[in-house]
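Protein chains in written order, with the working numbering: chain A, 8 to 248; chain B, 8 to 248.
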DNA sequence: ACAAAAGTGTTGACTATACACCCATGG
DNA sequence: CCATGGGTGTATAGTCAACACTTTTGT
């Protein structure tokens, strides 16, 4: 079985996804560990079929890893240094070649494919982390959420890719009102504020934050949420439009 | 002679440049006319050498067309629909094949190369139009400046590429203080304002514009410019830092 | 009643914009 | 001295952040 080939995929061009999730007051990123030794971590990525657009390729890759189809997704930067070559993965796969020979994975041409220089289109995605059950591909050993402030060392420029994606996310959070994609359907104002604080890594004034967000006129106020705590019950909100 | 080949260039990946210039109160874009019939217009573009970064490839392409090396240049979007195939140019070159056979241009493999689907990385550049003497490549019939509001119909999605580049330029004009790249070394406040008005396609209040720009503390005021006109002589300014 | 967290109001600083006026220059 | 365009000042409205106060809930 061939994993990749020029007939069906565009050569030397890849897509890497920075998938952001949010839980426990922390902004997280989905990172794969490749099934080779020594251990190697990478961003979820893939290649572009000859008959699909790059945006659809990114969505396909996301669906393979998260199971989700309707995701906020944005292209943010292309990484194209000439030294973008997957040495670690290539050599790791070589050492595992015998072990997997019966399965025919990885085959010769796929190995050759992987050894090329790649230009990679960076996408970032925002997902409701509760809806995601990370899946691993054939090459993955595992796929897990890491705090964006505490990522493992990844191959090539993948850590830089996350930095650039975070910059873009911060710029777009207000402008494009995309933060809600990281939360469940309904949420309290405090939860939204904590999300913003996790993304920007700094505190916001509670009353001013509430005013700013409500003035955007994109939230629908629902019934109150009784938590059982000894204080006033907060309203629930839903993103509107 | 081979124009393109997989040995030296990345297959199915191209760069297209929206080169902005400014003259006669009008924002302009450099557009090539390909040397085939019927006439076909395109943005200046090219391919990526195996040993160069995509940013350097874009600079090389820009130098080929403008002669300039030190240019403001920014990657802004990747265009990757599966139907991005150069039908017009491919067929135009086919009809010219006999005519050029003695020169060996275009050769078979270059034709095949050009007939593929291409993913294209869009760059936009800002140049001082007075310093540019547009050059044409072997495939061009001409290269000329067109008003951004009055562009010819170009191949594929190249008109869309300009629209997206203009959006990005507008977003970045204030934020990154890049407007000065479109003007000569020294300029008057009125000239700068006229540039902004051409880019945004709307008028600005004269005094407030001056205040806003000067408050940025990026302009150095030079001597006055005596124009011979029957009015107060304006100051010249230079971009600083 | 009290602590805790939610919700709302008020102020003062800063910014953007509209209006007004003065200055230099050549005819 | 006047028309023209350049430069600057002021007042008003709108925005943003700090502070203060009130309300609701369970113990």
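All C-beta atoms in this analysis are idealised placements derived from N, C-alpha and C, irrespective of residue type, glycine included.
Which chain A residues are close to residue 92 of chain B, counting only those with a beta carbon under 8 Å from its beta carbon?
Here residue 92 of chain B refers to the residue found at position 85 when the second chain is read from its first residue. Those within 8 Å of residue 92 of chain B in chain A number zero; the least Cβ separation is about 11 Å.
With the cut-off set at 7 Å, would you say residue 83 of chain B and residue 175 of chain B are in Cβ contact?
By one-based count along the second chain, residue 83 of chain B stands at place 76. By one-based count along the second chain, residue 175 of chain B stands at place 168. Contact annotation: residue 83 of chain B and residue 175 of chain B have beta-carbon atoms nearer than 7 Å.
Backbone secondary structure at residue 166 of chain A - three-state DSSP:
Sequence index remark: in the first chain, residue 166 of chain A carries index 159 (1-based). In the structure shown, residue 166 of chain A sits in a helix (DSSP, three-state: H, G or I).
Can you have a look at residue 228 of chain B and say buried or exposed, based on whether 16 or more other CB atoms are within 10 angstroms of its CB?
In the second chain, counting from the first residue as 1, residue 228 of chain B sits at position 221. With fewer than 16 other Cβ atoms within 10 Å, it is exposed.
Residue 233 of chain B: first and last residue of the uninterrupted alpha helix (DSSP H) it sits in:
Here residue 233 of chain B is taken as the residue at index 226 of the second chain, counted from 1. From DSSP, residue 233 of chain B is part of no alpha helix (DSSP H); its letter is neither H nor E.
Quick one: which chain A residues come within Cβ less than 9 Å of residue 124 of chain B?
The residue labelled residue 124 of chain B in the question sits at position 117 within the second chain. The contact set of residue 124 of chain B on chain A, defined by CB atoms closer than 9 Å, consists of 17, 57 and 58 in chain order.
Are the region 145-161 of chain B and the region 30-47 of chain B in contact at 8 Å, needing three or more beta carbon pairs?
By the Cβ test, the region 145-161 of chain B is in contact with the region 30-47 of chain B, since at least three Cβ pairs between them sit closer than 8 Å.
Are the C-beta atoms of residue 291 of chain B and some chain A residue less than 7 Å apart?
Nothing in the structure corresponds to residue 291 of chain B, since chain B is present only between 8 and 248.
Short of 7 Å in beta carbon distance, which residues of its chain neighbour residue 172 of chain A, apart from the five on each side in sequence? Order them along the chain.
Position 165 of the first chain holds residue 172 of chain A. So the qualifying residues of the chain are 25, 83, 129 and 131.
Using a C-beta cutoff of 7 Å, does residue 82 of chain A count as contacting chain B?
Residue 82 of chain A sits at position 75 when you count from the first residue of the first chain. Using beta-carbon distances, residue 82 of chain A counts as an interface residue toward chain B, with a partner under 7 Å.
So who's on the other strand from residue 251 of chain B, going by DSSP bridges?
Outside the modelled stretch of chain B, which goes from 8 to 248, sits residue 251 of chain B, for which no answer is possible.
With the cut-off set at 7 Å, would you say residue 123 of chain B and residue 14 of chain B are in Cβ contact?
Along the second chain, read from residue 1 onward, the residue named residue 123 of chain B stands at position 116. Along the second chain, read from residue 1 onward, the residue named residue 14 of chain B stands at position 7. Contact: no.
Throw me the rounded Cβ distance for the residue 53 of chain B and residue 68 of chain B pair, which I believe falls under 8 Å.
Working through the second chain from its first residue, we reach residue 53 of chain B at position 46. Working through the second chain from its first residue, we reach residue 68 of chain B at position 61. About 4 Å; that satisfies the 8 Å criterion.
Pull up the DSSP beta-bridge partners for residue 48 of chain A, would you.
Position 41 of the first chain holds residue 48 of chain A. According to the DSSP secondary-structure assignment, residue 48 of chain A is paired through a beta bridge with A/40 and A/161.
Just tell me which of A/62, A/167 and A/201 has its CA closest to the CA of residue 49 of chain A.
Within the first chain, the letter at position 42 stands for residue 49 of chain A. Ranked by Cα distance from residue 49 of chain A, the first of A/62, A/167 and A/201 is A/167.
Which of the three DSSP states is assigned to residue 57 of chain A in this structure?
Your numbering for residue 57 of chain A matches position 50 in the first chain. If DSSP states are grouped into helix, strand and coil, residue 57 of chain A belongs with coil.
Check this for me: beta carbons of residue 116 of chain B and residue 31 of chain B, under 7 Å apart or not?
As a first step, residue 116 of chain B must be located in the second chain, where it is residue number 109. As a first step, residue 31 of chain B must be located in the second chain, where it is residue number 24. If you check the CB distance, residue 116 of chain B and residue 31 of chain B do not come in under 7 Å.
I'd like to check one pair, residue 202 of chain B with residue 29 of chain B: are the Cβ atoms closer than 7 Å?
Your numbering for residue 29 of chain B matches position 22 in the second chain. Your numbering for residue 202 of chain B matches position 195 in the second chain. Pairing residue 29 of chain B with residue 202 of chain B gives a Cβ-Cβ distance under 7 Å.
Is it the case that the Cβ atoms of residue 136 of chain B and residue 95 of chain B are separated by a distance below 7 Å?
For the purposes of this step, residue 136 of chain B is taken as residue 129 along the second chain, with counting starting at 1. For the purposes of this step, residue 95 of chain B is taken as residue 88 along the second chain, with counting starting at 1. Between residue 136 of chain B and residue 95 of chain B, the C-beta gap is not smaller than 7 Å, which leaves the two residues out of contact.
Hey, how far is the Cα of residue 8 of chain A from the Cα of residue 160 of chain A?
If you number the first chain from 1, residue 8 of chain A lands on position 1. If you number the first chain from 1, residue 160 of chain A lands on position 153. Low confidence applies here, because residue 8 of chain A scores a pLDDT of 46, under 50, leaving its location unreliable; read the following figure in that light. Rounded to the nearest whole angstrom, the CA to CA distance from residue 8 of chain A to residue 160 of chain A is 31 Å.
Could you work out which residues of chain A lie near residue 241 of chain B, taking near to mean beta carbons separated by less than 8 Å?
Within the second chain, numbered from 1, the residue matching residue 241 of chain B stands at position 234. Within chain A, no residue has its CB atom less than 8 Å from the CB of residue 241 of chain B, the nearest being about 36 Å off.
Of the residues B/90, B/141 and B/103, which one's Cα is nearest the Cα of residue 126 of chain B?
Counted from its first residue, the second chain places residue 126 of chain B at position 119. Restricting attention to B/90, B/141 and B/103, the CA atom closest to the CA of residue 126 of chain B is found in B/90.
Exposure of residue 186 of chain A, with buried meaning 16 or more beta-carbon neighbours within 10 Å:
Taking the first residue of the first chain as 1, we reach residue 186 of chain A at position 179. Its Cβ being crowded by 16 or more others within 10 Å, residue 186 of chain A is buried.
Residues of its chain near residue 158 of chain A, where Cβ-Cβ distance is below 7 Å and the 5 sequence neighbours each way are ignored
In the first chain, the residue the question calls residue 158 of chain A occupies position 151. So the qualifying residues of the chain are 36, 38, 166 and 169.
Mind checking the region 206-233 of chain A against chain B and listing, in chain order, the residues whose C-beta falls within less than 7 Å of any C-beta there?
In summary, no residue of the region 206-233 of chain A has a CB separated from any CB of chain B by less than 7 Å.
Taking the Cβ atom as the reference point for each residue, do residue 205 of chain A and residue 33 of chain A lie within a distance shorter than 7 Å?
To locate residue 205 of chain A, count along the first chain from 1; it is residue 198. To locate residue 33 of chain A, count along the first chain from 1; it is residue 26. Yes, the pair counts as a contact, with Cβ atoms nearer than the cut-off.
Which of helix, strand or coil DSSP assigns to residue 194 of chain A
Along the first chain, one-based indexing puts residue 194 of chain A at 187. Strand.
Once you ignore the five residues that flank residue 217 of chain A on each side, which residues in its own chain have a CB closer than 7 Å to its CB?
For this step, residue 217 of chain A is matched to residue 210 along the first chain. Only 196 meet the Cβ criterion.
Quick one: residues in its chain with C-beta nearer than 8 Å to the C-beta of residue 61 of chain B, no 5 flanking neighbours on either side, listed in chain order?
Along the second chain, read from residue 1 onward, the residue named residue 61 of chain B stands at position 54. Here the set comprises 22, 55, 82 and 128.
Just tell me which of B/245, B/66, B/120 and B/231 has its CA closest to the CA of residue 133 of chain B.
On the second chain, residue 133 of chain B is found 126 positions in, with the first residue counted as 1. For the residues B/245, B/66, B/120 and B/231, the minimum Cα distance to residue 133 of chain B belongs to B/66.
By DSSP, does residue 124 of chain A sit in helix, in strand, or in coil?
Start at 1 with the first residue of the first chain, and residue 124 of chain A comes out as number 117. Here residue 124 of chain A sits in strand by DSSP.
Which residue comes first and which comes last in the alpha helix (DSSP H) that contains residue 243 of chain A?
As a first step, residue 243 of chain A is located in the first chain; it is residue number 236 there, counting from the start. Careful: residue 243 of chain A lies outside any alpha helix (DSSP H), inside the beta strand (DSSP E) at 242-246.
Under 9 Å between beta-carbons, which chain B residues line up against residue 88 of chain A? List them in chain order, please.
Indexing the first chain from 1 puts residue 88 of chain A at position 81. For a Cβ distance threshold of 9 Å, residue set 60, 61 and 62 of chain B lies close to residue 88 of chain A, ordered along the chain.
Cα-Cα separation, residue 57 of chain A to residue 99 of chain B:
As a first step, residue 57 of chain A must be located in the first chain, where it is residue number 50. As a first step, residue 99 of chain B must be located in the second chain, where it is residue number 92. One C-alpha to the other measures close to 24 Å.
State the beta-bridge partners of residue 116 of chain A as determined by DSSP.
Looking up residue 116 of chain A in the first chain gives position 109. According to DSSP, residue 116 of chain A bridges with nothing at all.
Identity of the residues DSSP links to residue 82 of chain A by a beta bridge
Locating residue 82 of chain A in the first chain gives position 75, where the first residue counts as 1. BP columns for residue 82 of chain A point to A/130.
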